[in-house]
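Trainee: The structure follows.
Chains as they are written, first to last, in our numbering: chain A, 1 to 188; chain B, 189 to 376.
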C-alpha cells in the first residue's frame, strides 16, 4: 500500500465529500475496526473530526482506553468488507482475521492504517465526556493524514478507476460511489 | 416543488451518504441561507443531526435567536447557488433575493424549505453551549422531514437524472455528484 503524507491543513479534504469511513483502534494487544458513515470534518487548523461511535462497541472501549483512532476511507473494492465490519463485533474474535483485512500501526497512533483504503487520518480524541455519553459523539484532532497518491494528491481527488473510488453508505447494504467531479463558479 | 413527508425514523437516510447541505434560518422577519458540507446524522430515533455553523455568521445569529434551522439537500442543478450561498453574507442583503432562491416556511419551523432542493429536514436545536462555543457545532432534533418523491421514496434514493442528483462538496468550487448505486452482501 502506497501512502503519501497529506499536509494537515488539507486533511479535511479527505472527508469533506462525506465518504463512509472505517474506524480502526488498538489497545493492549487488541485491535478492531468498525464502519462509520457518521463522520465529518469539524475544523481546519488544527484539523479536527467528529465521529459517532456507539458506546456499546468494542471500538468505543479501545478508543476510550487508548485515546486514539484512525479514520480510514475505504475504496469501492473494499465495500463488502466495510459492510461486514459494520455487521459483526470484534468481541466475537479478531475482525481483521475474520474479514481478511490487514494494516499496520500509524505514525502517531497504534491503531492500524487499513490496507485497501485510499486515505487515512490518525487522530487523538479530545475528551468531551458529555458528547461521548449523551450522543456517542467523539471529537478527534488529526495528528497525521495520508492518501494513496494514485487517488489523491496536490489537494485533489482523481479516482483512476471505479474500484478506487470512495463510497457513501445508504443502508441495507446499499452504497453510492463517489460520482463525477464538476466545477462551478459562484457567479455562474 | 413537490414534497412528500419522510417518516422521522427514515430521515437519517436523507443525509447518510454525506451530501452537501444548505442551512436555512429565519427570525423576526429576517431569513438566511448558508452552505454546510459539515453536516451528518447523529441519531436514529428520535432523529438528530449535527452541523457546523460558524459563530460569526448571520445564520448562527438567526439559529441562536429562533432555536431552529432547516437542512436542505440541494440538487446538482442548484450547485452554483449552493457555492454562491457559501461565498457571501446575508448581512450584505437578503441572500434569497441576491441568489434567486425561493422557499416557504416549514411545517414545524419558520425557516424556509428551499425550492430546487430534493430533501429537507426541519430541526430545532438541542442547546449544547460548549459545543456551540468551542466547535461551532450544533445538535438538532429533526421535527419533520420531506423529500421530492421523484428522487427519494420508500426509503430509497432513485435519482431520475443527473440534474437531480445530490452533490458532495470538495473545495474551491469543485463538487462530486452522487454516483452509481450498488449493493453488497456482508458475506460476499
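Even for Gly, the Cβ is constructed at its ideal location relative to N, Cα and C. Just so it is clear, the structure is predicted and the values come from calculations on it, not from any experiment.
(1) With DSSP run on the structure shown, which of helix, strand or coil describes residue 204 of chain B?
(2) If I measure Cβ to Cβ from residue 203 of chain A and keep anything under 6 Å in the same chain, skipping five residues before and after, which residues do I get?
(3) Taking all protein chains shown into account, decide if residue 356 of chain B is buried (16 or more other Cβ within 10 angstroms of its Cβ) or exposed.
(4) Identify whether residue 151 of chain A lies in helix, strand or coil by the three-state DSSP scheme.
(5) Output, in chain order, the set of chain A residues within a Cβ distance shorter than 8 Å of residue 207 of chain B.
(6) By DSSP, does residue 188 of chain A sit in helix, in strand, or in coil?
(7) Report the neighbours of residue 145 of chain A on chain B: residues whose CB is nearer than 8 Å to its CB, in chain order.
(8) Grouping DSSP H, G and I as helix and E and B as strand, with all else coil, what is residue 365 of chain B?
(9) Does the beta carbon of residue 168 of chain A sit closer than 9 Å to a beta carbon anywhere in chain B?
(10) Could you check whether the Cβ of residue 34 of chain A sits closer than 9 Å to any Cβ belonging to chain B?
(11) So the candidates are B:201, B:237, B:193 and B:295; which of them puts its Cα closest to the Cα of residue 344 of chain B?
(12) Take every Cβ of the stretch 295 to 302 of chain B, pair it with every Cβ of the stretch 247 to 261 of chain B, and state whether three or more of those distances are shorter than 8 Å.
(13) Starting from residue 83 of chain A and walking both ways along the alpha helix (DSSP H), at which residues does that stretch end?
(14) Based on the DSSP output, what are the partners of residue 72 of chain A in its beta bridges?
(15) Please list the terminal residues of the continuous alpha helix (DSSP H) segment that includes residue 130 of chain A.
(16) What residues from the stretch 55 to 67 of chain A come within 8 Å of chain B, judged by C-beta to C-beta, listed N to C?
(17) Taking a cut of 9 Å between CB atoms, which residues from the stretch 129 to 142 of chain A lie near chain B?
(18) Can you list, in chain order, the residues of its chain with a C-beta nearer than 7 Å to that of residue 195 of chain B? Leave out the 5 residues immediately preceding and following it.
(19) What separation, rounded to the nearest whole angstrom, lies between the Cα atoms of residue 332 of chain B and residue 193 of chain B?
(20) When the Cα atoms are used, what is the spatial distance from residue 323 of chain B to residue 43 of chain A?
(21) Using C-beta distances below 7 Å, list every residue in its chain close to residue 287 of chain B, excluding the 5 sequence neighbours before and after it, in chain order.
(22) Residue 365 of chain B versus chain A: which residues are under 9 Å apart at the beta carbon?
(23) Measuring CB to CB, does residue 74 of chain A end up less than 9 Å from residue 118 of chain A?
(24) Looking at C-alpha atoms only, which residue of A:15, A:57 and A:133 is the closest neighbour of residue 34 of chain A?
(25) Just to confirm the assignment, what range does the alpha helix (DSSP H) spanning residue 297 of chain B have?
(26) With H, G and I counted as helix, E and B as strand and the rest as coil, what does DSSP make of residue 220 of chain B?
(27) Kindly indicate which residue of A:49, A:112 and A:184 has the alpha-carbon position closest to the one of residue 29 of chain A.
(28) Taking the continuous beta strand (DSSP E) assigned at residue 96 of chain A, which residues delimit it?
Mentor: To lay it out plainly:
(1) Translated into positions along the second chain, residue 204 of chain B becomes position 16. Correct three-state label for residue 204 of chain B: coil.
(2) This structure does not reach residue 203 of chain A, given that chain A is present from 1 up to 188, and the question cannot be answered.
(3) Taking the second chain and counting its residues from 1, one reaches residue 356 of chain B at position 168. Under a 10 Å Cβ-count criterion, residue 356 of chain B is classified as buried, with 16 or more other Cβ atoms of the shown protein chains found around its own Cβ.
(4) The residue labelled residue 151 of chain A in the question sits at position 151 within the first chain. For residue 151 of chain A, the secondary structure class from DSSP, reduced to helix, strand or coil, is coil.
(5) Numbered from 1 along the second chain, position 19 holds the residue referred to as residue 207 of chain B. One finds 18 in chain A with Cβ atoms closer than 8 Å to the Cβ of residue 207 of chain B, taken in chain order.
(6) For the purposes of this step, residue 188 of chain A is identified with residue 188 of the first chain, where counting begins at 1. Residue placement at residue 188 of chain A is poorly supported in this model, since its pLDDT is 47, which falls under 50; the coordinates still yield a value, given next. In the three-state reduction of the DSSP assignment, residue 188 of chain A falls in the coil class.
(7) What you label residue 145 of chain A is simply residue 145 of the first chain in a count that begins at 1. Ordered by position in chain B, no residue passes the 8 Å Cβ test against residue 145 of chain A, which lies about 15 Å from the chain.
(8) On the second chain, residue 365 of chain B is found 177 positions in, with the first residue counted as 1. Three-state DSSP puts residue 365 of chain B in a strand.
(9) If you number the first chain from 1, residue 168 of chain A lands on position 168. Yes, its Cβ sits closer than 9 Å to a Cβ of chain B.
(10) One-based indexing of the first chain puts residue 34 of chain A at position 34. Not an interface residue.
(11) Taking the second chain and counting its residues from 1, one reaches residue 344 of chain B at position 156. The residue with the shortest Cα to Cα distance from residue 344 of chain B is B:201.
(12) Yes, the stretch 295 to 302 of chain B is in contact with the stretch 247 to 261 of chain B.
(13) Stepping through the first chain from its first residue, residue 83 of chain A is reached at position 83. Residues 79 to 85.
(14) Here residue 72 of chain A corresponds to residue number 72 of the first chain, with the count starting at 1. Answer by DSSP bridge pairing, in chain order: A:22 and A:120.
(15) Within the first chain, the letter at position 130 stands for residue 130 of chain A. Under the DSSP assignment, residue 130 of chain A falls in the alpha helix (DSSP H) whose first and last residues are 129 to 135.
(16) Taking a C-beta cut-off of 8 Å against chain B, none of the residues of the stretch 55 to 67 of chain A qualify.
(17) Going along the stretch 129 to 142 of chain A in chain order, one finds 130, 131, 134, 135, 136, 137 and 139 with a Cβ nearer than 9 Å to chain B.
(18) The sequence position of residue 195 of chain B within the second chain is 7, counting from 1. There are no such residues.
(19) Along the second chain, one-based indexing puts residue 332 of chain B at 144. Along the second chain, one-based indexing puts residue 193 of chain B at 5. Approximately 8 Å, taken between the alpha carbons.
(20) Translated into the one-based positions of the second chain, residue 323 of chain B becomes position 135. Translated into the one-based positions of the first chain, residue 43 of chain A becomes position 43. Computed Cα separation, rounded: 8 Å.
(21) To locate residue 287 of chain B, count along the second chain from 1; it is residue 99. Cβ within range, chain order: 269, 272 and 273.
(22) In the second chain, the residue the question calls residue 365 of chain B occupies position 177. In chain order: 178, 179, 180, 181 and 182.
(23) As a first step, residue 74 of chain A must be located in the first chain, where it is residue number 74. As a first step, residue 118 of chain A must be located in the first chain, where it is residue number 118. Yes, the pair counts as a contact, with Cβ atoms nearer than the cut-off.
(24) Position 34 of the first chain, counted from the first residue, corresponds to residue 34 of chain A. Residue A:57 is the option with its Cα nearest to residue 34 of chain A.
(25) Here residue 297 of chain B refers to the residue found at position 109 of the second chain. Here residue 297 of chain B belongs to no alpha helix (DSSP H), and DSSP marks it neither H nor E.
(26) Here residue 220 of chain B corresponds to residue number 32 of the second chain, with the count starting at 1. Look at residue 220 of chain B here: in three-state DSSP terms it is strand.
(27) Working through the first chain from its first residue, we reach residue 29 of chain A at position 29. The option with the nearest alpha carbon to residue 29 of chain A is A:112.
(28) Working through the first chain from its first residue, we reach residue 96 of chain A at position 96. First-last for residue 96 of chain A: 95 to 99, but that is the alpha helix (DSSP H), not the beta strand (DSSP E).
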